[in-house]
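Chains as they are written, first to last, in the working numbering: chain A, 1 to 121; chain B, 122 to 242. Virtual Cβ for every residue (Gly too), placed ideally from N, Cα, C. Nothing here was measured: the structure is a model prediction, and the numbers come from that model.
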C-alpha cells in the first residue's frame, strides 16, 4: 500500500503565494519518507484538485490524504473539497481517499504568532 | 510604556471564521501578561483596522504591533496593512506602530500539517 498527501491551497493570482505551497510540500516530503506528496489548488492556479488526485493515482498511491493548507475551511470550501473527494472516490473506487482538517486553531499557531511578534517588516 | 498586539485577519462573511480570530487572541492574551490584545479585520467584518488601532490607543498602548493572521500577505494585503499603519502613525505620532510578518512558511507549520494528516473529517 502506497500513501499520498495531496496538499491543497486556495490558489492565488500571485505566483509567490502559490510558490509557498511547493515549499510546504517539499518540507513534508522530507518528513514523510516513502510517501507521495503532490500539490493542488482549489482555484486560480494549477494543478487543479482533480488533476492532483489523478497524479497521486498515477504515481501508485492506494491511499490519498487531501490535506487543506487553509487557516479555516468554512462551509463553502469544505463543501468544495468534499465534492472533489466524493467525485474521485466514485471514479476510482479502488483507491482510498480522505479529507483532513484545515490548519485551524492548532495550538502551535500561538507559538508561530508569538514568534512573528518581534519581527517588524 | 504599554504594549499592544492588534491581531488582524482578512475577515469573512462566515461568523465562525471571524470567531477563530477571537480564540487566537484569547490564547495570545494568556501568554502576553500585561499586554493589550485587540483584534481587527481587513474587510467584511468589524472592528476595522483603524478602529482596532484606535482601541489600542484608548486602552493606553504606547507601542502597537500589527500582527497579520494571514498565511501569506502578498503585495495587495501588505500594501493595505502598510497604508493603515502609515495613516495611523501620522494621526497619532506620539504612538509607535509597527507591522509584523504574516504566518507564512514558519517551520512549525510543517508540524501542524503533519498533525492534521491522520485526522479524517
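- Between residue 98 (chain A) and chain B, the shortest Cβ-Cβ separation is below 7 Å.
- Of B:219, B:237 and B:138, the smallest CA-CA separation from residue 165 (chain B) is found for B:138.
- Nearest in C-alpha terms to residue 131 (chain B), of all of B:144, B:149 and B:170, is B:170.
- Among the CB atoms of chain B, one or more fall inside 7 Å of the CB of residue 20 (chain A).
- In this structure, DSSP gives residue 196 (chain B) a helical state, which the three-state scheme calls helix.
- Taking the Cα positions, residue 21 (chain A) is about 30 Å away from residue 167 (chain B).
- Fully contained in the region 143-209 of chain B are the following alpha helix (DSSP H) runs of length 4 or more, in chain order: 170-179.
- Taking C-alpha positions only, residue 214 (chain B) is separated from residue 240 (chain B) by approximately 49 Å.
- Around the beta carbon of residue 159 (chain B), 16 or more other beta carbons sit within 10 angstroms, so the residue counts as buried.
- Taking CB atoms only, residue 144 (chain B) has a neighbour in chain A less than 7 Å away.
- The Cβ atoms of residue 157 (chain B) and residue 134 (chain B) do not sit closer than 7 Å to each other.
- Apart from the 5 residues on each side of it in sequence, residue 163 (chain B) sits with its Cβ closer than 8 Å to the Cβ of 129, 130, 131, 132, 170, 198, 201 and 202 in its chain, given in chain order.
- Within the region 102-114 of chain A, those residues whose Cβ lies closer than 9 Å to any Cβ of chain B are, in chain order, 102, 103, 104, 105, 106, 107, 108, 109, 110, 111, 112, 113 and 114.
- Interface with chain A (7 Å Cβ-Cβ cutoff): residue 123 (chain B) is excluded.
- The Cβ atoms of residue 186 (chain B) and residue 28 (chain A) lie no closer than 7 Å to each other.
- For residue 61 (chain A), the CB contacts under 6 Å within the same chain, skipping 5 residues up- and downstream, are 2, 4 and 36 in chain order.
- Looking at the DSSP output, residue 103 (chain A) bridges to nothing.
- In this model, residue 190 (chain B) and residue 211 (chain B) are separated by some 24 Å (Cα to Cα).
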